[in-house]
Amino acid sequence: MEPLTSIRTEGNKIEIVNQLLLPHQVEWIPINSVEDAYDAIKTMKIRGAPAIASLAALSIAAHIDENLESCFKLGMCLTFIQSNEALIDYVQPKLDYLFTSRPTAVNLGAAMRRLSKVMHGAKDRDIPAMDAAIEFVAEGRKIADEDVGRNKEMAKHGGEWVLAEAKKKGEEVDKVN
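Right, here's the structure in full:
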């Protein structure tokens, strides 16, 4: 059985469960841009503070990574990858835009600040913009991965608690699903 998730990715391809249709229907919708992510967050197609932050981080990371891939494959880099200042000037408005999709979402604000800090830190360390963009993409994906990790830990602890409670009552349980 496939694990329950509201976001699935394959490379830079992102899909979310349209939570407006739950529990009656499960529909996966593609998120092909930062604007798609904004819309999904704003219209509540995705819910839950960590999932909102994950989607925003993944969408901007995918956008930057697609540009990096073009740069590597075609040897033509867009101007925003040519300096740290240009990278910040290009990406910061997109982070700010994503934040406005749900400004009261604490995790979303934290994720956008974290990604901004990566860019500014790269500039402060004077690393090449290409490397800063690569770090940015990795951090965006890490934000989502950390959420998955927290969910797995909660499931593990919940399962252990259920087993312990069953044992206290003298019930035999060999599986928790």
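The sequence shown maps to residues 4 to 180 in the working numbering. The C-beta atom is built at its ideal place from N, Cα and C for all residues, glycine as well.
Contacts around residue i, its chain only, beta-carbon distance under 6 angstroms, and the 5 residues preceding and following it disregarded
| i | result |
| --- | --- |
| L24 | E30 |
| E140 | Here the sequence assigns Val to residue 140, which means Glu is not the residue at that position. A64, I67 and D68, listed in sequence order. |
| I44 | I55, S104 and R105 |
| K18 | Note on residue identity: the sequence assigns Glu, not Lys, to residue 18. Hits under 6 angstroms: R11, W31 and P33. |
Reduced DSSP category for residue i - H, G, I as helix; E, B as strand; rest coil
| i | result |
| --- | --- |
| K171 | helix |
| R117 | helix |
| P33 | strand |
| K16 | strand |
| I49 | coil |
Closest residue to residue i among the options (Cα-Cα distance)
| i | options | result |
| --- | --- | --- |
| S73 | L166, M133 and L98 | M133 |
| N87 | D99, M122, R117 and S104 | M122 |
| S36 | L101, K76 and C80 | L101 |
| Q95 | M115, G78 and H27 | M115 |
| G14 | S57, L61, W164 and E174 | L61 |
| Y41 | L58, G51, A52 and P53 | L58 |
| L98 | G112, K155, Q85 and K76 | G112 |
| D92 | S119, V109 and N70 | S119 |
| T82 | V109, K145 and A136 | A136 |
CB contact flag (residue i, residue j, <8 angstroms)
| i | j | result |
| --- | --- | --- |
| A125 | E142 | no |
| I84 | L90 | yes |
| Q28 | S9 | no |
Own chain, CB closer than 8 angstroms to residue i, minus 5 neighbours either side, in chain order
| i | result |
| --- | --- |
| M79 | S73 |
| D150 | P53, A54, A56 and S57 |
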